[in-house]
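Each remark here refers to the structure printed beneath this line.
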Amino acid sequence: MALSVSEVILVFLLSISEVISQCPPSSGIYLRHDGNCYTNGSYFFDADIRGASNSIMCVLFDTTLNGGEWVNVTSGSSVNCSTNPLRCNEVSSPNANISLYIDGGVMSSDDGWYKCCLPTNCSDFNTNIVFANIFRWVQIETITVDLPSDITVLPQTYTLHAIKIGSNDHSSFLHAANWYYESGSSSTQLCTGSRASYSCTFMYGNGMSVDYGSGRWDYTLTVTWSGDTITSGVLSQSNNNGDHVFRFYLDFGHIYHSPVQRNRDIFVTGK
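With mature numbering (1 follows the signal peptide of the UniProt record, and there is no 0) applied, the sequence shown corresponds to residues -21 to -1, 1 to 250, in that order.
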């Protein structure tokens, strides 16, 4: 049976912290940090944006600031630029911009999505909006699948990648880095990681962890499906169309300082 494989990621935004070499004015509103430009929906480790000199800046070329703001997406509250833990500086012209940074540390309630609206505030339907994620400890930056070169040949073998970013102190704070197979209401653990180890070998595949440095790790999961109907155990399903759901889970942080738990799902669909 021939397959095609596609992915759908269940997150608020599909976000990869991609550095852009230039910030063309034609790109509209954009993010800057540490001299580089970033795509809409990028992730920023809280330790990297401490102090005004390390701020995230949202910029709109050739406009004048007229009530623009940073807003916490979860609470809907505008960031008060003069109070802790998040502070900001505003520049009115020639290019409207508002920088956002941390003065000290952030609480768990400050972790998450923020949006910057320029040149007017976020209640203006005609304003320009860009999103950034500020996270504590770690995040799952992206989860992807490598497709086989020929999707018509069985067995199908594909590799999933979960990219972890943030703190690199695994020996002290990594409690779990696990892959799961999801089937209905049941969840089956395939791979497990803790501290500096990662174990991933099961009936239908295996995986490995790759340290890219600076807190970036790739936790892989390689799965082989032969096209058969699997009615029990891992990858169990009532038909043989190849539809599978996988989840990557992270538990990281000091146990007395609000560790974080992150989850991201990926659908691998065969037709």
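Glycine included, every Cβ here is placed at the ideal spot set by N, Cα and C.
Per-residue burial, residue i [other beta carbons within 10 Å of its own, 16 or more giving buried]
| i | result |
| --- | --- |
| residue 12 | buried |
| residue 36 | buried |
| residue 41 | exposed |
| residue 73 | exposed |
| residue 184 | buried |
| residue 230 | buried |
| residue 252 | Beyond the ends of the chain as shown, which are -21 and 250, falls residue 252; an answer cannot be given. |
| residue 83 | exposed |
| residue 177 | buried |
| residue 174 | exposed |
| residue 237 | exposed |
| residue 222 | exposed |
| residue 121 | buried |
| residue 132 | exposed |
| residue 252 | What is shown of the chain runs -21 to 250, which leaves residue 252 out entirely. |
| residue 15 | exposed |
| residue 235 | exposed |
| residue 63 | exposed |
| residue 218 | Unreliable positioning characterises residue 218 in this predicted model, as indicated by a pLDDT of 48, which lies under 50. A coordinate reading is not provided. |
| residue -16 | Here the model assigns residue -16 a pLDDT of 37, short of 50, so the residue's position is not dependable and the matter cannot be decided. |
For residue i: DSSP bridge partner residues
| i | result |
| --- | --- |
| residue 180 | 185 |
| residue 283 | Beyond the ends of the chain as shown, which are -21 and 250, falls residue 283; an answer cannot be given. |
| residue 234 | Looking at the DSSP assignment, residue 234 forms no beta bridge with any residue, so it has no partner. |
| residue 141 | 122 and 198 |
| residue 241 | 229 |
| residue 192 | 195 |
| residue 246 | 224 |
| residue 49 | 95 |
| residue 156 | 229 |
| residue 36 | 11 and 78 |
| residue 113 | 23 and 91 |
| residue 70 | 76 |
| residue 107 | 97 |
| residue 42 | 74 |
| residue 65 | 81 |
Cβ-Cβ separation, residue j to residue i (assumed contact under 8 angstroms), whole Å
| i | j | result |
| --- | --- | --- |
| residue 251 | residue 105 | Here the chain has residues from -21 to 250 only, and residue 251 is not among them. |
| residue 25 | residue 85 | 5 angstroms |
| residue 125 | residue 138 | 4 angstroms |
| residue 93 | residue 50 | 7 angstroms |
| residue 44 | residue 98 | 5 angstroms |
| residue 186 | residue 199 | 5 angstroms |
| residue 117 | residue 239 | 7 angstroms |
| residue 30 | residue 80 | 6 angstroms |
| residue 48 | residue 57 | 5 angstroms |
Within 9 angstroms, strictly: CB atoms of residue i and residue j
| i | j | result |
| --- | --- | --- |
| residue 195 | residue 119 | no |
| residue 21 | residue 141 | no |
| residue 157 | residue 246 | no |
| residue 232 | residue 115 | yes |
| residue 34 | residue 78 | yes |
| residue 76 | residue 69 | yes |
| residue 8 | residue 108 | yes |
| residue 88 | residue 54 | yes |
| residue 136 | residue 204 | yes |
| residue 95 | residue 103 | no |
| residue 197 | residue 143 | yes |
beta-carbon residue i near the ligand SAH non-hydrogen atom, thresh 8 angstroms
| i | result |
| --- | --- |
| residue 123 | Ligands displayed in this structure: none; no statement on the ligand SAH is therefore possible. |
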